[in-house]
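Residue numbers (the working numbering): 12 to 92.
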């Protein structure tokens, strides 16, 4: 894997579609599928998606309105602490 700063972290078409339709579970699955970090499972992806949409009990700032790979990795770190 290359430098994290060089990573293309734009949401996939599937993520955008599911975000637009409000299917958070499918959006999380699409996020988990594209993240290369083995620590990011579906649970972490769901946390990241909920955070991005403002539907999480914790107040964690995300990179945008659609969860990024960095958001998912941060969620995985928080879960596994």
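C-beta atoms are modelled at their ideal positions from N, C-alpha and C, and glycine is treated no differently.
For residue i, which residues in the same chain have their Cβ closer than 7 angstroms to its Cβ, ignoring the five residues on either side in sequence?
| i | result |
| --- | --- |
| residue 12 | Only weak support is given to the placement of residue 12: the predicted model assigns it a pLDDT of 39, under 50, and the value that follows is read from those uncertain coordinates. 47, listed in sequence order. |
| residue 26 | 38, 41, 42 and 77 |
| residue 29 | 37, 38 and 41 |
Where does the unbroken alpha helix (DSSP H) through residue i begin, and where does it stop?
| i | result |
| --- | --- |
| residue 88 | 80 to 90 |
| residue 24 | 24 to 32 |
| residue 76 | Looking at the DSSP string, residue 76 is not in any alpha helix (DSSP H), and its letter there is neither H nor E. |
| residue 35 | 35 to 45 |
| residue 62 | 53 to 63 |
Check whether the Cβ atoms of residue i and residue j sit closer than 7 angstroms, and answer yes or no.
| i | j | result |
| --- | --- | --- |
| residue 76 | residue 58 | no |
| residue 56 | residue 83 | yes |
| residue 36 | residue 80 | no |
Considering only residues of the same chain and omitting the five flanking positions on each side of residue i, which have a CB-CB separation below 8 angstroms?
| i | result |
| --- | --- |
| residue 88 | 50 |
| residue 52 | 43 and 87 |
So that I know if they touch, is there some Cβ in chain C lying closer than 7 angstroms to that of residue i?
| i | result |
| --- | --- |
| residue 49 | The structure shown contains no chain C; it is built from a single protein chain. |
Please work out which residues of its chain come closer than 6 angstroms, Cβ to Cβ, to residue i, disregarding the five sequence neighbours upstream and downstream, and give them in chain order.
| i | result |
| --- | --- |
| residue 60 | 35, 38, 39 and 78 |
Roughly how far, in whole angstroms, is the beta-carbon of residue i from the beta-carbon of residue j, given that I think they are within contact range, below 8 angstroms?
| i | j | result |
| --- | --- | --- |
| residue 24 | residue 54 | 23 angstroms between Cβ atoms; not a contact. |
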